[in-house]
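A short write-up of the structure that comes next.
Numbering (full-length UniProt numbering), first residue to last: 1 to 183.
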């Protein structure tokens with residue numbers, strides 16, 4: 001009789017332990033897929049688009065290497081200021097993405113000439129959910145935030161992209177925290 005009671009007690013504790021561990025795992029720990037579009041480059045000069053895309057996605061992939069999220073890349077450029085909800089939804093459904101980020105890289109123009117640029121950039125990003133709703137947006141100015149005067153443009157894009165991603169994550173934590181406080 002003692003063995004049966006002991007076996008029942010041990011089995012009950014194991015079952016309760018397994019159930020509590022499953023309850024601690026929630027949907028927030030699931031791997032999220034984030035779809036990135038090619039950044040809109042301002043000024044619209046064809047010669048600087050490919051190096052800008054390369055530097056931008058290099059920074060994004062470096063940023064996601066240590067995270068649980070998965071990065072997806074769409075070889076499409078969406079206008080930053082006129083984003084259609086249905087377009088975002090279609091791309092998210094077709095790529096099985098949870099979120100979509102529409103970026104923009106704006107170069108500073110310095111001087112009188114038409115093609116004279118500074119190595120300073122402003123990287124702006126808008127984060128949308130899979131339904132096409134704007135969740136948050138941010139921008140990162142490499143001159144104002146870092147006071148960078150020297151260095152390559154590629155490095156400025158990487159720093160700006162990293163700063164913009166950190167800004168989005170910071171705003172998401174605030175949104176998540178405020179939603180948790182309301183519930």
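Each residue gets a CB set at the ideal place from its N, CA and C atoms; glycine is no exception.
Residue of the options minimising C-alpha distance to residue i
i: residue 135; options: 44, 14, 91 and 85; result: 85
i: residue 75; options: 15, 163, 37 and 155; result: 37
i: residue 131; options: 152, 166 and 88; result: 88
i: residue 56; options: 32, 143, 144 and 125; result: 125
i: residue 78; options: 128, 144 and 54; result: 128
i: residue 81; options: 167, 92 and 40; result: 40
i: residue 33; options: 45, 103 and 71; result: 71
i: residue 69; options: 48, 31, 54 and 104; result: 31
i: residue 104; options: 160, 46 and 47; result: 160
i: residue 166; options: 139, 51 and 143; result: 139
Delimiting residues of the alpha helix (DSSP H) encompassing residue i
i: residue 48; result: 46 to 64
heavy atom of the ligand GDP below 7 Å from residue i C-beta
i: residue 86; result: This structure simply doesn't include the ligand GDP, nor any ligand for that matter.
Cβ neighbour criterion (16 or more within 10 Å) applied to residue i
i: residue 178; result: exposed
i: residue 187; result: Look at the range of the chain in this structure, 1 to 183, and you will see that residue 187 is not part of it.
i: residue 106; result: buried
i: residue 122; result: buried
i: residue 153; result: buried
i: residue 59; result: buried
i: residue 201; result: An answer regarding residue 201 cannot be provided, because it is not within the stretch 1 to 183 covered by the chain.
i: residue 61; result: exposed
i: residue 3; result: exposed
i: residue 43; result: exposed
i: residue 8; result: exposed
i: residue 35; result: buried
i: residue 53; result: buried
i: residue 45; result: exposed
N-terminal and C-terminal residue of the beta strand (DSSP E) that residue i is part of
i: residue 135; result: 134 to 141
i: residue 76; result: 70 to 77
i: residue 33; result: 33 to 38
Cross-strand partners of residue i (DSSP beta bridge)
i: residue 91; result: Answer is none; residue 91 lacks a bridge partner.
i: residue 184; result: Given a span of 1 to 183 for the chain in the structure shown, any question on residue 184 remains unanswerable.
i: residue 101; result: 36 and 127
i: residue 42; result: 106
Notebook entry, point to check: Does the pairing of the segment 121 to 135 with the segment 160 to 178 give three or more beta-carbon distances under 8 Å?
Noted result: yes
Checklist line | Inter-stretch contact at 8 Å, needing at least 3 Cβ pairs: the segment 6 to 15 / the segment 92 to 109 | finding: no
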